[in-house]
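Numbering (our numbering), first residue to last: 321 to 1204.
Where a beta carbon is used, it is the ideal one built from N, C-alpha and C, also for glycine.
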Amino acid sequence: MDVVVVESPAKAKTINKYLGKNYKVLASFGHVRDLPAKDGSVRPDEDFAMSWEVDGPSAKRLADIVKAMKDADGLILATDPDREGEAISWHVLEVLRQKKAIKDKSVSRVVFNAITKQSVLDAMANPRAIDAPLVDAYLARRALDYLVGFTLSPVLWRKLPGARSAGRVQSVSLRLVCDREAEIERFIREEYWLIGVVLGTPRSESFEARLTAFDGKKLQKLDIKTQDQAIAIKAMLDGASFKALSVEAKPTRRNPAAPFTTSTMQQAASSRLGYSASRTMQVAQRLYEGIDIGGETTGLITYMRTDGVQMAPEAIEAARATIAKEFGARYLPDKPRQYSAKAKNAQEAHEAVRPTDFSRTPASVRAHLDNDQARLYELIWKRAIASQMQPAEIERTTVEIEAVNDARTANLRAVGSVIRFDGFIAAYTDQKEEDTDDEDERRLPEIRADETLKREKIDAVKHSTEPPPRYSEASLIKKMEELGIGRPSTYAATLKTLEDREYVKVDKRKLIPEAKGRLVTAFLESFFRRYVEYDFTAALEEKLDEISDGRLAWKDVLRDFWREFSGSVEEIKELRVTDVLEALNEELAPLVFPAREDGTEPRSCPKCGEGQLSLKLGRYGAFVGCSNYPECGFTRQLGDGNGNGEQAGDGGDRALGADPHTGEEIALKSGRFGPYVQRGEGKEAKRASLPKGWTPDSIDHEKAMALLSLPRNVGQHPESGKMISAGLGRYGPFLLHDGVYANLETIEDVFSVGINRAVSVLAEKAASKAGGGRRGATAAALKDLGDHPDGGGKITVRDGKYGPYVNYGKVNATLPKGKEPLTVTVEDALALIAEKAGKSGGGKAASARKAAPKKAATKKAAPKKAPAKAAAKKPAAASAGKKG
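Next comes the structure, spelled out in structure tokens:
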């Protein structure tokens, strides 16, 4: 028996079925070892020695593999077919050797690009040794990432408190986003006018033409800059005669795109399906590992982490057979199409992402997939099948038109195209092919040279130039790929890291740099520019590829890098923080000191008028403050451009005074989850977040004291005798009594609510729970006055939508204004019931009338005072830890 190690348990189960009882397939669950997140895991002084650590779950899985190896004949390492997969196999083998589990048993490495029976059996028939250069490239990459992160991040923490970390690829990706934002800020809009004319042919068909020249001068897009120019041209065209000078129909061909790589798949899934890069990879992983179809689990797509654009010869033949069957022989080229990677630094030679079986059309497998899987599989299948189809044949027609008015002339052009043969576009049916240009797809009517055309309408429309768009995940991945930054397997993780560290935010699928992210980028560009340059990062990736090809020694690459990098870090350590801030003031001027509407100097302090604004650093990050501190306490959050309101910055602590009872200092601060007030220092400090609606600039000593005093004791419940408290929690302001929470409407209620209102709110909550939240449920009793002296039920005091009232049977009598519910006596209640019943004449009126007048009722039967009861039973589902 041989032990086979794969990465995922889902894959293990499927492959075990393919291989049979002579094999035991176990999963490593990805990497089994990693560098500990602490100093010294990579030691340049010891020739880049590396310390590896096995976590708890991995230790158990490795123990299972060690146990299985005792009775095994050999070990087969079958992890994923990429650099990371090779590294996982190496780690597993290293651990097994350390534990002396290998001894003289055979060890081999197999790789398969798809989880199908044939692919797995073919791989098992062609074992090889672990690819040492590929492992070296992994070791170099891992060491570089560690050294950059664990050397640069402490510098950031010291010079820019609040910054989370820096990374080799992450920092360059962040720079792309920040550079685009700076480009948008520098952009100056220009207005221009476009003139279009709707013309009619002698056969009464209309089309639109655009102005291209006027009075013999060719017009560029921005040449008509003013309304006066546009009006003058329009007036000339209004009186002009129009004639078609030439009509040219030129056939063109549009070729299909290559099958998906990781990057192009993520881009298409983002633009077509709205999936994030991480979501795309999760869905693709599931399609790769296998779906149960007809009782058998099989992989539907090939390995999804790849730079390759070529398909295996057998896959191309299968695609061609499917094209002939599904679309017809006309759509099949004479020879298979071949593709080559255009991306810089294309990775190891893997197949493109494609279906494992082209005969599994999207329609045939849809019933076995969830919606995400079905949509992504359809995208992959169509792209791969289209890549082997005939080009689309398009006829592009260009009509040149002349307008003449007396001695003045103008030229116009109309462009249209017609698909003569759809070719590969047929694979997309209702979709437009992803890689087409924004061509004018309008079809023109029949237009003949030299014929006169009739003017129907002239439009002169004002436009303005637009700044470059912010990056989306798809466009950023495309740019990273073009520049050779990172690798397909890292794109999704890199973007997720930027978002998790609050360096960027995603708004309507656009990546917007946060102030913190721009600060980090400006710091790195000012003091570590070489290490965030696009060419430097791409060149380093090329060196890693040379290592994987066996052309460079990995430790030589590390030595060259570390020699210069460590020297740069030492230089920066000596810099004063004031020098850093001055450099950032200049680099980030549009963000830190935005232009003011009134035209005043952006750096002058709006509060004192004497000081100059500058970046400052607090314990929790950077903010904008006045140079006149402490005489002037103006602060502003970084990125808040109003310039007028004083508020705490990101870490711009503002002292509010001392607590008169403890003597501890109270301050307004800003943290990861927003502004808060704090009393004292250290772990024992009391903190309270600002409630919704309270802005940092509105906080004074009194408000801070009030927040820090919460929770507040309201009073004892009159029925249970237990304390009711009011506080501010995760879900807003609340009341708490005997483990039951009830919401309050505003934070002000927390400080002002009295005992009667509190009892009423808690009773309403209890009634709502007891009644399942149904509308119209009877309010719970605030006070039970016992049975009515004439029988017919109990008398209770309740609180309803329109205020407190007395209830007896079907009679509800509202309490007089100002009457507290808990002070109502039996006599008060009987009088109110009698009055209400007399007016309405309904319900138990007869019985109520016997109770009037008040004295007679009292003499006739002075009821026994009923023992006090709880206002409302605590619902069984109530939990002491849950707030209403």
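The alpha helix (DSSP H) enclosing residue i, as first and last residue numbers
i      : result
Thr814 : 808–820
Val415 : 403–418
CB contact flag (residue i, residue j, <8 Å)
i       : j       : result
Ile613  : Val685  : yes
Val1126 : Val1117 : yes
Arg495  : Val852  : yes
Ala672  : Gln630  : yes
Ser473  : Pro447  : no
Ile515  : Ile544  : yes
Gly394  : Ser426  : yes
Leu937  : Cys946  : no
Phe885  : Ala746  : no
Glu568  : Thr772  : no
Thr785  : Val489  : no
Arg838  : Leu911  : yes
Phe847  : Ile797  : no
Val517  : Ser526  : no
CA-to-CA distance, residue j to residue i, given in whole angstroms
i       : j       : result
Gln587  : Lys645  : 30 Å
Phe1071 : Lys1042 : 19 Å
Ala635  : Asn575  : 20 Å
Lys538  : Ala723  : 14 Å
Val431  : Arg509  : 55 Å
Arg896  : Glu907  : 17 Å
Ser679  : Phe562  : 56 Å
Cys925  : Asn948  : 9 Å
Pro675  : Tyr697  : 8 Å
Gly536  : Ala577  : 41 Å
Ala443  : Leu652  : 31 Å
Ala1097 : Ala1087 : Unreliable placement is indicated for Ala1097, whose pLDDT of 43 sits below 50; the coordinate value is still reported in the next sentence. So the two alpha carbons sit approximately 7 Å from each other.
Residue i classed as buried or exposed, judged by whether at least 16 other C-beta atoms fall within 10 angstroms
i       : result
Ile335  : buried
Phe943  : buried
Val781  : exposed
Trp701  : buried
Trp477  : exposed
Gln957  : buried
Arg523  : exposed
Ser660  : exposed
Tyr996  : buried
Ser1018 : exposed
Leu454  : buried
Gly736  : buried
Asp970  : Confidence at Asp970 is low in this model, with a pLDDT of 38, below 50, so the placement of that residue should be treated as unreliable; the coordinate-derived value is given next. When all chains shown are included, Asp970 counts as buried.
Glu327  : buried
Leu904  : buried
Leu542  : exposed
Tyr823  : buried
Gln708  : buried
N-terminal and C-terminal residue of the beta strand (DSSP E) that residue i is part of
i       : result
Ser784  : 772–784
Pro364  : Where Pro364 is concerned, there is no enclosing beta strand (DSSP E), given that its DSSP letter is neither H nor E.
Asn446  : That residue, Asn446, is in no beta strand (DSSP E); it is neither H nor E in DSSP.
Ala978  : 974–978
Asp1119 : 1114–1120
Thr617  : 616–618
Asn905  : Looking at the DSSP string, Asn905 is not in any beta strand (DSSP E); the run it does join, the alpha helix (DSSP H), is 897–907.
Glu511  : 511–520
Arg956  : 955–957
Tyr343  : 343–347
Ile832  : 830–833
Lys825  : 824–827
Residue i - partner residues in DSSP beta bridges
i       : result
Ser707  : BP columns for Ser707 are empty, so no partner.
Ala723  : Phe562, Ala730
Asp1144 : The amino acid occupying residue 1144 in the given sequence is Val; Asp does not appear at that position. BP columns for Val1144 are empty, so no partner.
Phe1218 : The structure shown does not extend to residue 1218, since the chain is modelled only from 321 to 1204, so the question has no answer here.
Ser371  : Partner(s): none; Ser371 has no beta bridge.
Lys537  : Phe534
Val567  : Val719
Leu988  : Arg974, Val997
Arg1205 : Only positions 321 to 1204 of the chain appear in this structure, which leaves residue 1205 out of reach.
Phe1054 : Gly1047, Asn1063
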